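Asks: Let me give you the structure first, and then I'll get to my questions.
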Amino acid sequence: MSRSAGGSSLIDRLNDRYEGTDLTCPECGYHDEDGSWRASTNGRRIDYRHLCPSCGNNRIRTVTLRD
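This is the structure we're talking about:
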């Protein structure tokens, strides 16, 4: 995987982008101050998940990687 001049990979930059962002639940409006997006990958796709601790709404964002 290519690296930028700063030494972080694409996945590191994506993780940084999601860290601490959009933590307000669209279902109940709860803002999860201590929450985070959890990442999992199969090598071709990265799934980011956030589970609202108030109502249990599970949000998933998917990033598909290209060659």
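For the sequence shown, full-length UniProt numbering assigns the number 67 to the last residue and increments by one with no breaks. Virtual Cβ for every residue (Gly too), placed ideally from N, Cα, C. Here the structure is a predicted model, which means the values were calculated and not measured.
Quickly, what does DSSP pair tyrosine 48 with across the bridge? List them, please.
Replies: Position 48 of the sequence shown, counted from the first residue, corresponds to residue 48. Bridge partners of tyrosine 48: Ala39, Arg61.
Asks: How big is the Cα-Cα spacing for serine 9 and aspartate 16?
Replies: Reading the sequence shown from its first residue, position 9 is the one you call residue 9. Reading the sequence shown from its first residue, position 16 is the one you call residue 16. Going by the C-alpha atoms only, they are around 11 Å apart.
Asks: Consider the Cβ of asparagine 58: report whether some Cβ of chain D lies at a distance smaller than 9 Å.
Replies: Chain labels in this structure do not include chain D; a single protein chain is all it has.
Asks: Counting C-beta neighbours from all protein chains within 10 Å, is the total for isoleucine 46 16 or more, i.e. buried, or is it exposed?
Replies: Residue 46 sits at position 46 when you count from the first residue of the sequence shown. Result: buried.
Asks: For aspartate 34 versus cysteine 25, is the C-beta spacing smaller than 9 Å?
Replies: Working through the sequence shown from its first residue, we reach residue 34 at position 34. Working through the sequence shown from its first residue, we reach residue 25 at position 25. In this structure, cysteine 25 does not lie closer than 9 Å to aspartate 34 by Cβ.
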